[in-house]
Amino acid sequence: MNEPTPMQHSAEVMRFVHGTGADVADRELHSTAIGDSWRRCVLDYSLDPASRCTPVVLDQRALTERLARHAELVQIASAEIDWLYEYIAASDYALLLTDASGVVLYERADPNLRSTLRAANLIVGADWSEQQAGTNGIGTCIAVKHPITVHRDEHFHACHISLSCSGAPIHDPAGALVAVLDASTVAARDTRASQAHTMALVHLSAQLIEKHLFLRHFRHGTILRFHARPELVNLQHDAALALSDDAKVVAADEMAIRLLGAGSREELVGRPIEEIFDVRAEELIDPIRFGQPALRPVRDVLLGHRFYASVAHGEGCARTSFVRPAERTCAGTHEVLHLEPATARKTTFKLEDLAGEDPQMRRNVRSARRIAASRVPVMIQGATGAGKEVFARALHAASDRASRPFVALNCAAIPESLIESELFGYRPGAFTGARREGMKGKILQSSGGTLFLDEIGDMPLALQTRLLRVLEEQVVVPLGGETPVPVDLRVICASHQNLRAMIARGQFREDLYYRLNGITLELPRLAQRTDKERLIRELLVAETSDGRPAAIEMDAFQCLLAYDWPGNIRELRNVIRTALAICDGGVVRRKDLPTEVREGSTYDSKNPHLPETTPEATASSVHGSTAPPSRVPRSPLEEAEREALLRAIRNHDGNMSHAAQALGVSRSTLYRRCKRLDIPLLRMRGVLV
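Set out below in structure tokens:
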């Protein structure tokens, strides 16, 4: 749309407030909340939409006093705001935390935008209350007490019509408004719908800040946390009740109010826990007094819903390991690594299974947990074989849609002529060759659950347009049909391609990209992961049948570790599966590996240019001597590099993964440097740490 001039906007606001001009009143732009705010600005605050915006900013003394008063709030919220900033920074947003009166306490934005944001008064100390700044995402959120987006010419003042602001309220444990979290940009795209994902992320972050405030406030007391699904208890989106010493409810968070069907906090506060759940109080409280964890099924008295509850002091959590320690034996002259299976073979994975020990994957899992229970769309980027669908399934399993279908469609694996009918379905007789009874498409099949669109970059442009319409209107029209069918969609997409570059080339719709890209998770390549050793061990265990231990000669294990795995986890799994199937005596040997793994590996026990690796040679190189075993003279720079590598390996007791991480390189890079500098390759340690 064309942005109105300041004079046109001011005239439009006044016509609307005074009830003249039906064309203005009928515009979808003016929701009840926006229209009511405009009326307040004129009739209650006597503001003029055409007046020059004079920023109201607290002086330094008043600001210092206010920041001191809200120091704990800022400390708790800033961590969540910094997380949110990672996902919307590229869109030129400023993230603002205000107090309950609309004064900005904390701001996070791109430093390159400082002058622009200062000109727009998006700075710490600025007052964005409705009384001062008219209709805006912060002040109007405070007035209506629920999340709201104020987009461009929905603002009251003409000087603010270039802004788009999305604000969400933050409440204290008693339910009182204490803050607003807002995302504002001066570079908003034309449509209001373009802000939907930003609004969803802001609202989600505000809820998480509320949960942190609740847990912090009652950290020295007793907190009962519950959810309908046991795996979500003690995570961000569970429900929480604070209990007194006599097991009465002191406070309830928003999720608890919602799950228990209460109309307000007042309906829960003061009630004994035995009046809420069909369980004796001491059965819940006693495990805490004896230092034992508690997670047990309970049923709420009012509605009869079943939940799983855990009572604890503060914010405790526990973790379990997946792979048991390994044992080593000798078969002839070849050392063999035995891996005992810790669990039955997995067919599905939880998010915590995927975190591993890699920092990037742990960040991905933390982010996924935050948005699991929301409808925020997710874009998973990663190379082919990196585990995008596995991650998507784990995210679905962690959501409140886990009991509903997870439907996957690989846009690159289906001919262009068929993908439309696969996605949208068709009515009986829609085209020649169609099934007589018609077919439900993937969109309808996934309604209520999760639709996973793999390799979304391969979707034809014409279908991208149809998909965008489905996402915006939440209805689908099958081929050959005329009646829209309502759908309830949560979409996860994945691609190995650079979609932004495809947009620049005209190969992918920009509006669809913003609709799908609520949050982006980058999966690292297998060669980049710092926990590659652990992954190989876990896959060896997972692919071993009949419950017997996985066994592999160290020579073969070194090859798996040193190979670059261009096909990532998928290639690794296939190689391990094949090797286990063809190996003799249940022990995988070097000869059982594909040629490209043996020859492409930087590890080669038979390379004549490398000294033979013996315990004596290894001990000499790691624990003392740095004398070069090679006869080729090295430069002083190479000698210094060799000494640095040896020092790192010694400092980490021969653990190559940890040494590589300390050096800031991948494990395969460390092996290549060791080979180039004639550092004997180390025997694998028996137990990973």
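Just so we're aligned, residue 150 is where the sequence shown starts under our numbering, counting upward by one.
We put the CB at the ideal spot given by N, CA and C, even for glycine.
Owing to the predicted nature of the structure, the values given are computational and were not obtained by experimental measurement.
>> Once DSSP output is grouped into helix, strand and coil, what is the label at Asn-559?
In response: Taking the sequence shown and counting its residues from 1, one reaches residue 559 at position 410. Residue state, collapsed to three classes: strand.
> When DSSP labels each residue in this structure, what does Tyr-712 get in the three-state scheme?
Replying inline: Taking the sequence shown and counting its residues from 1, one reaches residue 712 at position 563. Of the three classes helix, strand and coil, the one that applies to Tyr-712 here is coil, per DSSP.
>> If you reduce the DSSP assignment to three classes, tell me which class Leu-409 lands in.
In response: Locating residue 409 in the sequence shown gives position 260, counting from the first residue. Here Leu-409 carries a coil assignment [DSSP, helix/strand/coil].
> Considering only residues of the same chain and omitting the five flanking positions on each side of Ile-568, which have a CB-CB separation below 6 Å?
Replying inline: For this step, residue 568 is matched to residue 419 along the sequence shown. Here the set comprises nothing.
> Nearest to Leu-390 by CA position, among Leu-381, Arg-189, Leu-616 and Ala-400, is which residue?
Replying inline: As a position in the sequence shown, residue 390 is number 241, starting the count at 1. For Leu-390, the nearest C-alpha among the options comes from Ala-400.
>> Distance check for Leu-729 and Pro-379, CA to CA, integer angstroms please.
In response: Counted from its first residue, the sequence shown places residue 379 at position 230. Counted from its first residue, the sequence shown places residue 729 at position 580. Cα to Cα, the separation comes out at about 36 Å.
> Grouping DSSP H, G and I as helix and E and B as strand, with all else coil, what is Cys-732?
Replying inline: Here residue 732 refers to the residue found at position 583 of the sequence shown. Correct three-state label for Cys-732: coil.
> Ile-731: buried (16+ other C-beta within 10 angstroms of its C-beta) or exposed?
Replying inline: In the sequence shown, the residue the question calls residue 731 occupies position 582. Sixteen is the threshold: since fewer than 16 other Cβ atoms of the shown chains lie within 10 Å of the Cβ of Ile-731, the residue is exposed.
> In the structure shown, what three-state DSSP assignment does Arg-455 receive?
Replying inline: On the sequence shown, residue 455 is found 306 positions in, with the first residue counted as 1. Note: Arg-455 maps to strand in three-state DSSP.
> Ordered along the chain, which non-local residues of its own chain (more than five positions away) have a Cβ less than 7 Å from that of Leu-266?
Replying inline: In the sequence shown, the residue the question calls residue 266 occupies position 117. The answer, listed in chain order, is Ala-243, Ala-258 and Ile-272.
>> Does Gly-168 come out as helix, strand or coil in the three-state DSSP assignment?
In response: In the sequence shown, the residue the question calls residue 168 occupies position 19. In the three-state scheme derived from DSSP, where H, G and I count as helix and E and B as strand, Gly-168 is classed as coil.
>> Per the DSSP calculation, Ser-315 is bridged to which residue(s)?
In response: For the purposes of this step, residue 315 is taken as residue 166 along the sequence shown, with counting starting at 1. Ser-315 is bridged to Thr-298 and Ala-332.
> Near Val-640, what residues of its chain come up, given a Cβ to Cβ distance below 6 Å and the 5 sequence neighbours on each side ignored?
Replying inline: In the sequence shown, the residue the question calls residue 640 occupies position 491. Answer for Val-640: Pro-526 and Leu-600, listed in chain order.
> Do you know offhand how far Cys-823's Cα is from Met-703's?
Replying inline: Numbered from its first residue, the sequence shown carries residue 823 at position 674. Numbered from its first residue, the sequence shown carries residue 703 at position 554. Cα to Cα, the separation comes out at about 18 Å.
> Where does Lys-499 fall in DSSP's three states?
Replying inline: As a first step, residue 499 must be located in the sequence shown, where it is residue number 350. Lys-499 falls in the coil class under three-state DSSP.
> In terms of residue numbering, what span does the beta strand (DSSP E) encompassing Gln-209 cover?
Replying inline: Position 60 of the sequence shown, counted from the start, is the residue given in the question as residue 209. Where Gln-209 is concerned, there is no enclosing beta strand (DSSP E), although the alpha helix (DSSP H) it sits in stretches over 209-218.
> Of the choices Asn-270, Asn-717, His-295 and Asp-276, whose alpha-carbon is the least far from that of Thr-533?
Replying inline: For this step, residue 533 is matched to residue 384 along the sequence shown. Measuring from the Cα of Thr-533, the nearest candidate turns out to be Asn-717.
> Are the segment 530-547 and the segment 595-612 touching, with three or more C-beta to C-beta distances below 8 Å?
Replying inline: In short, these stretches touch, since the Cβ pair count reaches three.
> Residue range of the alpha helix (DSSP H) that Glu-622 falls in?
Replying inline: Your numbering for residue 622 matches position 473 in the sequence shown. Note, Glu-622: alpha helix (DSSP H), 610-622.
>> Give me the residue from Ala-396, His-320, Arg-341 and Leu-350 with the minimum Cα distance to Asp-402.
In response: Taking the sequence shown and counting its residues from 1, the one referred to as residue 402 is at position 253. Distances from the alpha-carbon of Asp-402 to those of Ala-396, His-320, Arg-341 and Leu-350 put His-320 closest.
> From Arg-816 to Leu-826, what does the alpha carbon distance come to, in whole angstroms?
Replying inline: Reading the sequence shown from its first residue, position 667 is the one you call residue 816. Reading the sequence shown from its first residue, position 677 is the one you call residue 826. About 15 Å.
> Can Ile-406 and Leu-417 be called in contact, C-beta distance under 8 Å?
Replying inline: Locating residue 406 in the sequence shown gives position 257, counting from the first residue. Locating residue 417 in the sequence shown gives position 268, counting from the first residue. A contact, by the Cβ cut-off of 8 Å.
> If you compare alpha carbons, which of Ile-605, Ser-278 and Ile-230 is closest to Asn-559?
Replying inline: For the purposes of this step, residue 559 is taken as residue 410 along the sequence shown, with counting starting at 1. Nearest option by C-alpha distance: Ile-605.
> If we count the other Cβ atoms within 10 Å of its Cβ and call it buried at 16 or more, is Val-624 buried or exposed?
Replying inline: On the sequence shown, residue 624 is found 475 positions in, with the first residue counted as 1. An exposed status is given to Val-624, since fewer than 16 other beta-carbon atoms sit within 10 Å of its beta-carbon.
>> Considering only their Cβ atoms, is the gap separating Leu-670 from Ala-517 smaller than 8 Å?
In response: Translated into positions along the sequence shown, residue 517 becomes position 368. Translated into positions along the sequence shown, residue 670 becomes position 521. Yes. Within cutoff.
> Are the segment 296-316 and the segment 210-223 in contact at 8 Å, needing three or more beta carbon pairs?
Replying inline: No, the segment 296-316 is not in contact with the segment 210-223.
> So, is His-346 buried or exposed, given that buried needs 16 or more other C-beta atoms within 10 angstroms?
Replying inline: Sequence index remark: in the sequence shown, residue 346 carries index 197 (1-based). So His-346 ends up on the buried side.
> How should Gly-419 be labelled, buried or exposed, when 16 other C-beta atoms within 10 angstroms of its C-beta is the threshold for buried?
Replying inline: For the purposes of this step, residue 419 is taken as the residue at position 270 of the sequence shown. Note on Gly-419: under 16 other CB atoms within 10 angstroms of its CB, so exposed under the neighbour-count rule.
>> Can you list, in chain order, the residues of its chain with a C-beta nearer than 7 Å to that of Gln-157? Leave out the 5 residues immediately preceding and following it.
In response: By 1-based counting over the sequence shown, the position of residue 157 is 8. So the list is empty, once near-sequence residues are dropped.
> Would you say the beta carbon of Trp-232 comes nearer than 7 Å to a heavy atom of the ligand FAD?
Replying inline: Absence of the ligand FAD is noted for the structure shown, with no ligands found whatsoever.
>> Rounding to the nearest angstrom, what Cα-Cα distance links Val-556 and Arg-445 in this structure?
In response: Against the sequence shown, residue 556 aligns to sequence position 407. Against the sequence shown, residue 445 aligns to sequence position 296. Rounded to whole angstroms, Val-556 to Arg-445 spans 32 Å at the Cα level.
> Who are the Cβ neighbours of Val-450 in its own chain at under 8 Å, not counting the five residues just before and after it?
Replying inline: The residue given as residue 450 occupies position 301 in the sequence shown. These residues qualify, in order along the chain: Glu-424, Ile-425, Phe-426 and Asp-427.
>> Rounded to the nearest angstrom, what separates Ser-523 and Asp-637 at their Cα positions?
In response: In the sequence shown, residue 523 corresponds to position 374, counting from 1. In the sequence shown, residue 637 corresponds to position 488, counting from 1. Cα-Cα distance, rounded: 13 Å.
>> Tell me which residue opens and which closes the alpha helix (DSSP H) that Asp-660 is part of.
In response: Working through the sequence shown from its first residue, we reach residue 660 at position 511. Per DSSP, Asp-660 is one residue of the alpha helix (DSSP H) stretching across 659-665.
>> Please list the terminal residues of the continuous beta strand (DSSP E) segment that includes Arg-257.
In response: On the sequence shown, residue 257 is found 108 positions in, with the first residue counted as 1. Looking at the DSSP string, the run of the beta strand (DSSP E) that includes Arg-257 is 253-257.
>> If I follow the unbroken alpha helix (DSSP H) through Leu-245, where does it start and stop?
In response: Along the sequence shown, read from residue 1 onward, the residue named residue 245 stands at position 96. That residue, Leu-245, is in no alpha helix (DSSP H); its beta strand (DSSP E) goes 242-248.
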